[in-house]
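Just add 3 to wherever you are in the sequence shown, counting from 1, and you've got this note's numbering. The beta carbon of each residue, even a glycine, is placed where N, CA and C say it ideally should be. None of these values were measured; they are calculated from a predicted model.
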Amino acid sequence: MPLYLSRFSYTPETWARLIVHPEDRAKAAQSYIESVGGKLHGFWYAFGTHDGYNLWEAPDNVSMAAVALAISAGGALSSFETSVLLTVDETMDAMRKAERVQYRAPGA
Numbered sequence: 004m005p006l007y008l009s010r011f012s013y014t015p016e017t018w019a020r021l022i023v024h025p026e027d028r029a030k031a032a033q034s035y036i037e038s039v040g041g042k043l044h045g046f047w048y049a050f051g052t053h054d055g056y057n058l059w060e061a062p063d064n065v066s067m068a069a070v071a072l073a074i075s076a077g078g079a080l081s082s083f084e085t086s087v088l089l090t091v092d093e094t095m096d097a098m099r100k101a102e103r104v105q106y107r108a109p110g111a
């Protein structure tokens, strides 16, 4: 199954609610991905541009998009971005296929 890396940030209101009522949100994230047949591999908080990161496994892009849409629609986050992760073998295959792409630079 494909892996996905999500970066998220909470709204100030969400942080305020979590400070008053601390909650392990990894458990919630796990239930979201499991509802589409996936698995949560990790949930981390961080300092910096994003408040946290998730590593997910999902059956396909549509399933992961469904989870991302549901989370985003909930209103607790100010941002939610997801990237599809490629294995080294997939990237090697892409590089081999790229050689056959007849790219032409703009104006060339």
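Residue i and residue j closer than 8 Å at C-beta
i: THR85; j: TYR13; result: no
i: ASP63; j: PRO5; result: yes
i: THR3; j: ALA76; result: Summary: the structure shown does not reach residue 3, with the chain confined to residues 4 through 111, and so no result is reported for it.
i: TRP59; j: SER9; result: yes
Cβ-Cβ separation, residue j to residue i (assumed contact under 8 Å), whole Å
i: GLY45; j: ALA61; result: Wrong, their Cβ atoms sit about 14 Å apart, outside the cutoff.
i: SER66; j: VAL39; result: 4 Å
Backbone secondary structure at residue i - three-state DSSP
i: LEU21; result: helix
i: SER12; result: strand
i: SER38; result: coil
i: LEU89; result: coil
Heavy atom of the ligand ZN within 7 Å of residue i beta-carbon
i: ARG103; result: This structure simply doesn't include the ligand ZN, nor any ligand for that matter.
Inter-residue spacing [alpha-carbon to alpha-carbon] between residue i and residue j
i: ILE36; j: TYR56; result: 14 Å
i: LEU43; j: LYS100; result: 31 Å
i: ALA49; j: THR90; result: 24 Å
i: LYS30; j: TYR106; result: 45 Å
i: ALA19; j: PHE83; result: 19 Å
Own chain residues within Cβ distance below 7 Å of residue i, not counting five before or after
i: GLN33; result: LEU43
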